[in-house]
Ligand code: ADP
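Numbering (the UniProt record's numbering), first residue to last: 1 to 180.
Structural data, given as structure tokens:
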């Protein structure tokens, strides 16, 4: 078997709704129950439909009865979404003092590992933990970008899909400064 080709993926910042992205895999900022929740999780389950929830339930029954641990990632079908797969990962809440940056980075690293195992070439991430989990976007953006750049992966394109202008501005500015 040929060795996997690991290069740094191209990074794009997109202002928009992750449920509308035509990529191989979208990442869900899931809650640990895997049964859906608010924010981006709710939007993904609403648009993806019952097939996403059915696979989440099966994963929960087989492996995650106590919940998907923070920082880990698992994949399901994307159901009716334009993507092929949803990669569910659980971000850390900002009030957690211990290991929170490591865990936020792990969400990105482990999601890319799952993407590699699926053969996904294009992956879209939301701004994990910056909604209900209360991370200031200015703290989360450099951790998310660094984690993607530091992860050996065969993914060719990573899109950060930012839902509002403020998040888009911060991610775009952080990435601009990084490249200088
Ligand atoms: P968390 O619990 O990880 O904080 P949230 O879903 O509350 O997850 O928020 C994560 C980020 O996703 C927030 O910046 C929020 O504005 C954003 N978001 C919410 N809905 C969407 C969507 N449809 N597409 C992309 N991003 C979204």
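The beta-carbon is built from N, C-alpha and C at its ideal position, and this holds for glycine as well.
Proximity test, residue i beta-carbon vs the ligand ADP heavy atom, cut-off 7 angstroms
| i | result |
| --- | --- |
| residue 22 | no |
| residue 69 | no |
| residue 25 | no |
| residue 97 | no |
| residue 133 | yes |
| residue 74 | no |
| residue 160 | no |
| residue 39 | yes |
| residue 79 | no |
| residue 129 | yes |
| residue 163 | yes |
| residue 144 | no |
| residue 119 | no |
| residue 17 | yes |
| residue 91 | yes |
| residue 126 | yes |
Assumed close pair residue i, residue j - CB separation to whole angstroms, cut-off 8 angstroms
| i | j | result |
| --- | --- | --- |
| residue 141 | residue 171 | 5 angstroms |
| residue 73 | residue 88 | 7 angstroms |
| residue 27 | residue 136 | 20 angstroms between Cβ atoms; not a contact. |
Candidates the options, of which the one nearest residue i by Cα
| i | options | result |
| --- | --- | --- |
| residue 18 | 30, 73, 162 and 68 | 162 |
| residue 148 | 107, 20 and 57 | 107 |
| residue 129 | 67, 45, 100 and 68 | 100 |
| residue 174 | 159, 139 and 164 | 139 |
| residue 54 | 79, 72 and 126 | 79 |
| residue 95 | 27, 47 and 132 | 132 |
| residue 134 | 7, 29 and 6 | 29 |
| residue 179 | 6, 7 and 11 | 11 |
| residue 46 | 86, 127 and 98 | 86 |
Close beta carbons around residue i, own chain, < 6 angstroms, minus the five adjacent residues each side
| i | result |
| --- | --- |
| residue 82 | 22 |
| residue 16 | 161 |
| residue 121 | 24 and 156 |
| residue 68 | 32, 34 and 90 |
| residue 9 | 155, 156, 157 and 158 |
| residue 70 | 90, 92 and 103 |
| residue 60 | 34 |
| residue 164 | none |
7 angstroms Cβ shell around residue i - same chain, five flanking residues per side excluded
| i | result |
| --- | --- |
| residue 109 | 147 and 151 |
| residue 168 | 13, 15 and 162 |
| residue 84 | 24, 25 and 78 |
Residue i beta carbon near the ligand PLP (any heavy atom closer than 7 angstroms)
| i | result |
| --- | --- |
| residue 97 | Of the ligands this structure carries, namely the ligand ADP, none is the ligand PLP. |
Stretch pair the segment 112-125 + the segment 150-170: three plus CB contacts closer than 8 angstroms: They touch, by the three-pair rule.
Stretch-stretch touch, CB-based, cutoff 8 angstroms, three pairs: the segment 57-71 with the segment 36-45: No: fewer than three Cβ pairs fall under 8 angstroms.
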